[in-house]
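Enquirer: Counted the way our numbering counts, the sequence shown spans residues 2 to 328.
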Amino acid sequence: MIRVAQFKEFNGPQALQLEEVIEPVPGPNDVLIKVTAVGLNFFDTLLLRNKYQVTPPLPFSPGAEIAGVIERLGTDVTDLEAGQRVVAFIGGNGCREKVVTKARNVIPIPDGVSDEVAAGIPITYGTAIHAFKDRAKLQPGETVAVLGAAGGAGLAAIEIAKLMGGRIIAVASSGDKLALAREHGAHEGINYETEDLKARLKALTLPKGVDVLYDTVGGPAAEPSLRAMAWEGRYLVLGFASGTIPKIPLNLLLLKGCSMVGVFWTSFVERNPVAHRANMVQLLDWCEKGLIRPHVHASFALEETAKALSLIEARKVTGKVIINPQL
Ligand SMILES: NC(=O)c1ccc[n+]([C@@H]2O[C@H](COP(=O)([O-])OP(=O)(O)OC[C@H]3O[C@@H](n4cnc5c(N)ncnc54)[C@H](OP(=O)(O)O)[C@@H]3O)[C@@H](O)[C@H]2O)c1
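Below, the structure written as structure tokens:
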């Protein structure tokens, strides 16, 4: 038997229960992984309330990205070994002592990267590299504004855009969050709770405006951000952590000759697994070389999964929250 944190009704973090289920058995092309770290993300909180794009089959465990040690290989798996440390995006059901996933999903973790750090890389950093490289086609010297800059997705966006030569403006709700964003490479900071977002974005990007805007927050910050865009700017639509999907006056796109560009990383992974794997290998290499520094807010035991998800909902998390099912 293995321990799992799972929910059987859509009622937020309080619905999570610690239970025992039968240990899964790997099929011919699968691996069984002893999970040492699970990265939690904002969308786990949406899944728990059935507010995400997809409704998960119940019972379901949060946690779509995991790291751990391969314990058993399926009979047809030849390119991996038992005992190897690996990271994988598995889509969900990660908050478990052991998981089975397809061998093609797993990527070896370099020696210089811990399991805890590796588990937080696929979704946030994977999204950032896909967004700036494939969707915005960010160029060196361009200005990049990141909303929700101290969250998991936000800090990853700052680091990746900076590595690509961007000049970064962090936007967040407190001085502490902006200080952390600066530690991760932001050149400027705007507090959107206390400052006029449009005026400050324009002032910091004179005379042109913002070239690329990374929006994981939506809500009331969206329109003032769009009004500060540069001619031929790219406004990246990633998510709505504020809880409100903004409605945009389309004339602004016409007047500014700018684009709004959707980014959906999980769909990209499904549609282009080869490019996803190349991005992951690149990110793990950058991490080992110290060129990206994933920030772990805190690690929790499996029985504390509800507490960890409540912190995300309460907007109290910076960087990533990790669950270690072996604690
Ligand atoms: N499209 C994609 O492929 C993709 C990929 C990854 C993530 N996402 C989306 O990106 C968003 C952020 O994900 P994350 O994992 O980085 O989350 P996170 O670490 O919890 O960060 C979210 C940030 O949003 C801001 N925020 C504003 N209003 C909020 C509210 N009412 N509740 C919570 N946070 C609020 C907070 O920053 P301030 O306090 O500074 O405002 C917070 O730091 C989510 O909507 C997620 O679904 C999308």
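Even for Gly, the Cβ is constructed at its ideal location relative to N, Cα and C.
Give a yes or no on whether the C-beta atoms belonging to D45 and V101 are separated by under 8 Å.
Expert: Going by C-beta atoms, D45 is not nearer than 8 Å to V101.
Enquirer: Does ligand 1 have even one heavy atom less than 7 Å from the beta-carbon of S311?
Expert: Result no, Cβ not under 7 Å from ligand 1.
Enquirer: Can you look up L17 in the DSSP assignment and give me helix, strand or coil?
Expert: Reduced to three states, the DSSP call for L17 is coil.
Enquirer: If you run the structure through DSSP and keep just helix, strand and coil, what is R105?
Expert: Helix at R105.
Enquirer: Do A173 and L179 have their C-beta atoms within less than 8 Å of each other?
Expert: Yes, the pair counts as a contact, with Cβ atoms nearer than the cut-off.
Enquirer: At which residue ranges does the segment 230 to 261 contain complete beta strand (DSSP E) runs of 3 or more residues, listed in the order of the chain?
Expert: For the segment 230 to 261, whole beta strand (DSSP E) runs of length 3 or above, ordered along the chain, are 230 to 238.
Enquirer: Quick check for students: name the residue ranges of the alpha helix (DSSP H) that lie wholly in the segment 36 to 103, counting only runs of 4 or more.
Expert: Qualifying alpha helix (DSSP H) stretches, in chain order: 43 to 48.
Enquirer: Residue range of the alpha helix (DSSP H) that R278 falls in?
Expert: Run containing R278: P274 to E289, per the alpha helix (DSSP H) assignment.
Enquirer: Going by DSSP, which residues form a beta bridge with F301?
Expert: DSSP lists I324 as partners of F301.
Enquirer: Here's the rule I'm using: 16 or more other beta-carbon atoms within 10 Å means buried, otherwise exposed. How should L41 be labelled?
Expert: Result: buried.
Enquirer: May I ask you to check if the CB of N273 is nearer than 7 Å to at least one heavy atom of ligand 1?
Expert: The answer is no for N273.
Enquirer: Would you call the segment 319 to 327 and the segment 150 to 170 touching, i.e. three or more CB-CB distances under 8 Å?
Expert: With a cut-off of 8 Å, the segment 150 to 170 and the segment 319 to 327 count as touching, because enough Cβ pairs lie within range.
Enquirer: Could you tell me the boundaries of the alpha helix (DSSP H) in which Y126 lies?
Expert: Run containing Y126: P123 to I130, per the alpha helix (DSSP H) assignment.
Enquirer: Hey, is L239 close to ligand 1, as in C-beta under 7 Å from one of its heavy atoms?
Expert: Yes.
Enquirer: Note the first and the last residue of the continuous beta strand (DSSP E) segment covering T319.
Expert: No beta strand (DSSP E) holds T319; DSSP gives it neither H nor E.
Enquirer: Given this structure, state the Cα-to-Cα distance separating G291 from G95, to the nearest angstrom.
Expert: Their backbone Cα atoms lie some 27 Å apart in a straight line.
Enquirer: With 16 other CB atoms within 10 Å as the buried threshold, where does Q7 fall?
Expert: Q7 is buried by the Cβ-count criterion.
Enquirer: Following a CB-centred definition, is V264 positioned closer than 7 Å to any heavy atom of ligand 1?
Expert: Within the cutoff, so yes.
Enquirer: Measure the C-alpha to C-alpha separation of L49 and A307 and round it to an integer number of angstroms.
Expert: Taking the straight line from one Cα to the other gives about 10 Å.
Enquirer: Can you tell me which of Q54, E117 and V211 puts its alpha carbon nearest to the alpha carbon of G142?
Expert: Nearest C-alpha to G142: V211.
Enquirer: When you measure from the CB of I124 to every non-hydrogen atom of ligand 1, does any distance come out below 7 Å?
Expert: The answer is yes for I124.
Enquirer: Can you say whether L207 is buried or exposed, counting buried as having 16 or more other CB atoms within 10 angstroms of its CB?
Expert: By the neighbour-count rule (16 or more Cβ atoms within 10 Å), L207 is not buried but exposed.
Enquirer: Examine ligand 1 and report whether any of its heavy atoms sits within less than 7 Å of the Cβ of G153.
Expert: Yes, ligand 1 has a heavy atom inside 7 Å of this Cβ.
Enquirer: On the DSSP bridge assignment, give the partners of Y215 in chain order.
Expert: BP columns for Y215 point to V147 and L237.
Enquirer: Nearer than 7 Å: is that true of the beta carbon of K203 relative to any heavy atom of ligand 2?
Expert: Ligand 2 is not part of this structure, which contains only ligand 1.
Enquirer: Which whole-angstrom value describes the C-beta separation of I130 and V147, a residue pair presumed to lie in contact below a C-beta threshold of 8 Å?
Expert: Not quite, the Cβ-Cβ distance comes to about 14 Å (not below 8 Å), so this is no contact.
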